[in-house]
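Asks:
Residue numbers (our numbering): 55 to 207.
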């Protein structure tokens, strides 16, 4: 399931990207040539839209929401139907993606290459360092490695 970052305007996407890189509201305002107050208001709008995207994803996939990280664009959830933890990620490169955290049969799946490429793009956008050997592990394990910081133990 993929939704592009169509929830956000181009300017909001730009502000969200700068926010994800830990820039202050003042720094973002200076970089974009707008006031800190305008950035503060944009944060509120961005958070509402990202939360709405996650709520819609949870409803569509019958998920129980555990945690929302609106800055990083990650929702931790649980699928009662599959008895599995789930991560829903929102990124500029991949839009909204739903990741069921389990050991799949990646070697026999026709989407293995696509999943791997998508996950590598997620890691790069989130500045998560991957080892060269990580590109060889099955995508289900790669997803666990990338999103482990957002999961409950």
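Built from N, CA and C at the ideal position, the CB exists for glycine as well.
So, with DSSP's three-state summary, where would you put residue 104?
Replies: helix
Asks: Can you round the beta-carbon distance between residue 70 and residue 100 to whole angstroms, since I take them to be within the 8 Å contact cut?
Replies: 5 Å
Asks: Tell me, please, which residues DSSP counts as bridged to residue 122.
Replies: 129
Asks: Can you check whether the CB of residue 155 is closer than 8 Å to the CB of residue 139?
Replies: yes
Asks: Check residue 156 in the structure and name its three-state DSSP category.
Replies: Looking at residue 156 - three-state DSSP - the assignment turns out to be coil, as it is neither helix nor strand.
Asks: Where are the alpha helix (DSSP H) runs, 4 residues long or more, that stay fully inside the stretch 143-205, in chain order?
Replies: 166-179 and 193-201
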